[in-house]
Amino acid sequence: MTAQRRLIVVGAGIGGLTAALALARRGHQVTVLERSAVLAEVGAGLQISPNASRILVELGLKPRLEARAVTPDSLRIHSTRAGGEIARMPLGPPIAARFGAPYWVIHRADLQTALAAEVAALPSVSIRLGIAVKRIEAEPGRVVVAIEQDGRPDTIEADGVVGADGVWSMIRTGTLGAPPARYTGRMALRATIPIDETPPDYRNAVGLWMAPRAHLVHYPIAGGRLLNLVAVTEAAWEDDNWSVPVERDEVVRRFDPVSGTRWPEAARALILAPQHWTGWALAGIRPDFDWTSGPVTLLGDAAHATLPFAAQGACMAIEDAAVLARSLDRHAEVADAFAAYEKARKRRTTAIWDQAVSNGRIYHMGDALALFRDAGIALAGRRLIDRQAWIYGWKPD
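All residue numbers for the sequence shown refer to our numbering, where the first residue is 22 and numbers rise by one.
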């Protein structure tokens, strides 16, 4: 292990807190700067596949997560063209046996709470809330971060800065001069409903419903008490905010006309169940730019905000944290460690980014293409798990 470094992590989301924990576990002094006055994750559910869950277990989070995470027994794939289920991929014990780690679904807030509690127990980590980062300047032997809290300016010095400040990263655009994220033409509508209001078949499974220009995903969260719903449609985004409240009638209006088909009654029942939804503009940035400059680097959505159609956004941030911590062990200079970390992550995060885009096209196929898609998925059946091995089988070096 190399000497202890003073590191600043900007952002206390899933990626930032995982990075803080991974870095502290390896002996570094970490300060987490969060703009919000309270820790509060946006969104609802997350899928944490074995490539990421193994890291969380490694970091000591299993006892905190087991009561809140759900281990679904299967992924059930449906098609509106076929009128119902076309394939089922085992999850649960088969996934854990093959890849050596569980497949979890969990509420974002539960994962963030577990990470924050684990981090708070470490004397080498400090979380500062209500901090706006105004400027980052690299100087010989140090990085100076200009901050503001309650209108009062201040500066903090460190050996390196990790920008985990999300899809609209200020560090990406302001400090590194890299491009902003862009709206992808897809809108995600999110809601949760009590699990006891859903059919028993849905209570311990991940469900995917594919339709022309739209799809629906659902799975249990909050220790199995809630069903998380994510309905995705292709739409223009005209609001100044990137998330907006949406009423049920508008969700229904958006779905049937957009997909051009009537959804099966089981799927329609799920769409009709919540009275209130939240609409999110899905923005992304392909990681084909330089996300490191000397002792400043990016992590998670700040580096590679990915469409959710591979269920790997949070997983990639968790992987990033593990690789970053290991890279700092192997290099005497922070700048060299950060450059090696980016090089190690670039190919995989780009491949995942491209896979998510491809999955979105596949999910939204119509007409003859949907017929061939459904036939291919049905033929693969239980062997669908083999197609995920390159994702789920990953381990940090």
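Where a beta carbon is used, it is the ideal one built from N, C-alpha and C, also for glycine.
In this text, all values refer to a predicted model and were calculated from it rather than measured experimentally.
Taking 8 Å as the limit between beta carbons, can you name the residues of its chain near T371, skipping five residues before and five after? R307, P308, D309, H325
Q296: buried (16+ other C-beta within 10 angstroms of its C-beta) or exposed? exposed
Please identify the residue among A358, E106, V53 whose C-alpha is closest to the C-alpha of Y223. E106
In this structure, how does DSSP classify V59 when only helix, strand and coil are distinguished? coil
How would you write the range of the alpha helix (DSSP H) that M386 sits in, first residue to last? First-last for M386: undefined, no H or E at that position.
Here's a check: name, in chain order, each residue in its chain whose Cβ is nearer than 6 Å to the Cβ of S100, leaving out the five neighbours to either side. I107, M231, D395
Between which two residues does the alpha helix (DSSP H) carrying L320 extend? Run containing L320: none; DSSP gives neither H nor E here.
What residue does the beta strand (DSSP E) around A137 start on, and which one ends it? No beta strand (DSSP E) contains A137, which is instead part of the alpha helix (DSSP H) from 129-141.
What separation, rounded to the nearest whole angstrom, lies between the Cα atoms of T219 and E363? 43 Å
Once the 5 residues before and after A209 are set aside, which same chain residues still bring their CB inside 6 Å of it? V251, V253, W301, L303
I need the DSSP call for H10, collapsed to helix, strand or coil. Nothing can be reported for residue 10: it is not among the residues displayed for the chain, which extend from 22 to 418.
When you compare the CB positions of R193 and E55, do they come within less than 8 Å of one another, or not? no
Neighbourhood of A41 by C-beta, 7 Å cutoff - its chain only, sequence neighbours within 5 removed: V30, V51, V53, V140, V146
Classify A399 as helix, strand or coil using the three-state DSSP reduction. helix
Cβ shell of P152 (< 6 Å), same chain only, five flanking positions each side left out: Strictly speaking, residue 152 in this sequence is Ile, with Pro absent from that position. Excluding sequence neighbours, I152 sits near L54, I168, Q170.
Cα separation between R368 and R382? 21 Å
Have a look at A288, V265, D261 and flag the residue whose alpha-carbon is nearest the alpha-carbon of V273. A288
Pull up the CB-CB distance for Q133 and L38, whole angstroms please, since I reckon it's below 8 Å. 7 Å
Determine the DSSP secondary structure at T196, reduced to helix, strand or coil. helix
Please state the DSSP three-state secondary structure of Q25. coil
Alpha carbon to alpha carbon, how far is V164 from I214? 46 Å
Any contact of the region 376-393 with the region 337-344, i.e. 3+ C-beta pairs under 8 Å? no
Return yes when the Cβ of L349 is within less than 8 Å of the Cβ of A360, no when it is not. no
Between the CA atoms of A118 and G34 - distance to the nearest angstrom: 30 Å
Rounded to the nearest angstrom, what separates I116 and I242 at their Cα positions? 19 Å
List the DSSP bridge partners of Y124. Bridge partners of Y124: none, in fact.
Using DSSP with H/G/I as helix, E/B as strand and the rest coil, what is S190? coil
Three or more beta-carbon pairs under 8 Å between the region 175-184 and the region 311-331, yes or no? yes
Pick out whichever of W284, P144, S95 has its Cα sitting closest to the Cα of V126. S95
Drop a sphere of 10 angstroms on the beta-carbon of P174, count the other beta-carbons inside from all chains shown, and report buried for 16 or more, exposed for fewer. exposed
On a Cα-Cα basis, can you pick out the residue from R27, G48, Y124, P111 that is closest to C336? Y124
Since I406 and L229 are thought to touch, with beta carbons under 8 Å apart, how far apart are those beta carbons, to the nearest angstrom? The Cβ separation is near 15 Å, so there is no contact.
Strand pairing of S95, partner residues [DSSP]: P111, A226
Quick one: residues in its chain with C-beta nearer than 6 Å to the C-beta of A356, no 5 flanking neighbours on either side, listed in chain order? G315, P316
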